[in-house]
Every structure is written in structure tokens, then in C-alpha cells.
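Input: a single structure, listed below in C-alpha cells.
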Amino acid sequence: MKQRSIIAVDGPAASGKSTVAQIVARKLGYLYFDTGLMYRAITWAAMENLIDMADEQAATLLAEQTTIEVQAASVDDGRPCDVLIGNTDITWEIRKPAVEANVSKIASYKGVRASLTAQQRKIGLRGNVVMVGRDIGTVVLPDADLKIYLDASPQERARRRYQELVSRGDAANFEEILAGVIERDRIDSNRAVAPLRAAPDAIVINSSEMAIDEVVDAIITLAEKMP
Ligand code: CDP
162 MKQRSIIAVD
172 GPAASGKSTV
182 AQIVARKLGY
192 LYFDTGLMYR
202 AITWAAMENL
212 IDMADEQAAT
222 LLAEQTTIEV
232 QAASVDDGRP
242 CDVLIGNTDI
252 TWEIRKPAVE
262 ANVSKIASYK
272 GVRASLTAQQ
282 RKIGLRGNVV
292 MVGRDIGTVV
302 LPDADLKIYL
312 DASPQERARR
322 RYQELVSRGD
332 AANFEEILAG
342 VIERDRIDSN
352 RAVAPLRAAP
362 DAIVINSSEM
372 AIDEVVDAII
382 TLAEKMP
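One rule links them: number in our numbering = place in the sequence shown (from 1) + 161.
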């Protein structure tokens with residue numbers, strides 16, 4: 162493995178990317194960076210500022226002017242990191258269904274993506290990073306040393322997201338989660354800019370029938386063979 166490698170992990174909603182990538186990053190001593198939280202944070206800010214979700218210009222301006230702080234977890238409540246805008250800790254707010262219902266709309270805007278992609282690229286190019294999202298292997302870091310596209314059936318993904326919410330004590334309805342996952346995938350896959358897609362050189366892993374450890378081991382084995 163070379164000195165400072167880049168691993169890109171993309172895939173549809175709730176495919177287990179974050180869980181798996183966090184463990185992979187820890188095992189390799191790499192930074193784990195979740196780009197989804199940035200789109201979620203801007204969506205939260207748009208809702209907080211009562212911005213019309215259909216107002217692309219306002220959303221773009223917000224993305225350009227908002228500083229999203231991601232720092233080491235200050236609370237031991239299962240969070241991988243703290244996410245803040247100003248002095249407000251939005252770590253769990255951005256995981257709520259209301260944000261999830263709007264995030265794909267905000268993420269479809271060219272200006273929003275341009276602003277967030279530039280920040281992500283800067284972090285990614287430092288290397289020794291596992292970066293997770295929808296367009297990391299295709300747009301953000303097309304020269305990544307290893308590209309993984311992590312998939313699973315919609316039912317399995319909805320089941321995992323349901324379990325995640327329930328384990329945090331949040332209200333959850335399986336059918337609503339399933340519909341939300343399918344709808345987000347539809348918007349993310351069909352947008353004009355940086356749609357959800359496996360890069361041609363990505364290794365596709367279907368994790369429907371795989372345990373977390375099996376997926377982690379598969380990625381570590383591939384990482385050990387990185388040029
Ligand atoms: O955790 P989950 O897979 O459900 O979602 P996420 O990775 O936190 O991403 C939330 C949303 O942000 C996605 O549905 C996309 O609309 C958007 N996103 C994106 O467009 N590009 C990325 N690189 C990451 C997320």
C-alpha cells in the first residue's frame with residue numbers, strides 16, 4: 162500500500178456504507194469522512210432558515226456561506242463525530258426523518274454540490290482517508306486508489322435503517338422508511354449533476370446477505386492490494 166491512499170465508498174441510502182467505512186478507517190488508521198452529513202447539514206440549515214426547498218439560489222447561497230464543523234465526538238452517545246453549525250450541535254438533528262425527506266432535493270442542486278464537493282475534495286486529497294457518499298468515486302475523488310460501491314436490497318436497507326432508529330429510541334415505521342429509501346434513491350440516481358452511480362472501476366459489493374464483518378474484511382483485503 163502506498164503512503165497516503167484514498168478509498169471511496171459509494172452506494173444507495175442505508176446500504177451500510179457509514180458503519181462499514183468507519184470500521185475500515187479505524188483498522189487502517191485512516192480518517193473516516195461522511196459526505197452525506199454535509200448535505201444533511203445544509204438541508205437542516207435550510208429548514209431552520211425557512212428557505213423554500215424549491216429555491217435553488219437560496220440553497221446554493223446557504224451552502225456557500227455555511228461553515229459545517231465536523232470534530233471528534235464530545236459525547237459518548239454512539240455518534241461517530243460532532244456536527245455543528247455555529248454553536249448548535251446538529252449531530253442527531255440531521256438524522257431525523259424531516260431532514261431525510263428533503264435532503265435529496267437540496268443535494269440535486271448544482272451550486273450546492275459545487276460548494277460541498279470542493280470542500281470534500283480538499284479533505285480527500287490529503288489521503289489516508291475513507292470517504293463515503295454517492296459520487297466520491299465518480300466526481301469528488303475519481304483518482305481514488307480503491308473504489309467500493311456498496312449495495313443491498315431496498316428491503317434490507319430499510320430494515321437496517323429501522324433498527325438504527327429504534328436502537329436510538331427514535332420513532333420508526335418500516336413501511337415509511339422503505340418508501341423514503343426508495344424515493345431518495347430515485348432522486349439521487351436521476352439527478353443531472355453527479356448522480357448516484359458506481360464508477361466503471363468500482364468494485365460492487367452486494368451486502369444483502371453479508372454481515373458487517375464480512376464486508377469489512379472484503380474491503381480490507383482489497384485495500385491491502387491497493388497499488
Ligand atoms: O446514510 P444514508 O445512506 O441514508 O444517507 P447519507 O449518506 O447521509 O446521504 C444523505 C443524502 O445526501 C443522500 O440521499 C443524497 O441525496 C445526498 N448525498 C449526495 O448527494 N452526495 C453525497 N456524496 C452524499 C450524500
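In this text, a Cβ means the ideal position worked out from N, Cα and C, and glycines have one as well.
The beta carbon of Ser-265 is closer than 7 Å to those of Arg-345, Ile-348, Asp-349 in its chain, skipping five residues each way along the sequence.
Proximity of the beta carbon of Ser-265 to ligand 1 is indicated: a heavy atom of the ligand is located closer than 8 Å. Three or more beta-carbon pairs separated by less than 8 Å link the region 286-295 to the region 182-194, which places the two stretches in contact. In the structure shown, the three-state DSSP call for Glu-325 is helix. Per DSSP, Asn-367 is one residue of the beta strand (DSSP E) stretching across 364-367. Assigned with DSSP and collapsed to three states, Met-214 falls in coil, not helix or strand.
Going by beta carbons, Tyr-200 and Leu-277 fall inside the 9 Å limit.
Ligand 1 never approaches Lys-257 closely enough for any of its heavy atoms to be under 8 Å from the residue's Cβ. Taken from the Cβ of Asp-195, at least one heavy atom of ligand 1 lies inside 8 Å. Cα atoms of Thr-382 and Thr-196: separation of roughly 24 Å, rounded to the nearest angstrom.
When the five nearest sequence neighbours on each side are left out, the beta carbons in the same chain lying within less than 6 Å of the beta carbon of Leu-245 are those of Glu-230, in order along the chain.
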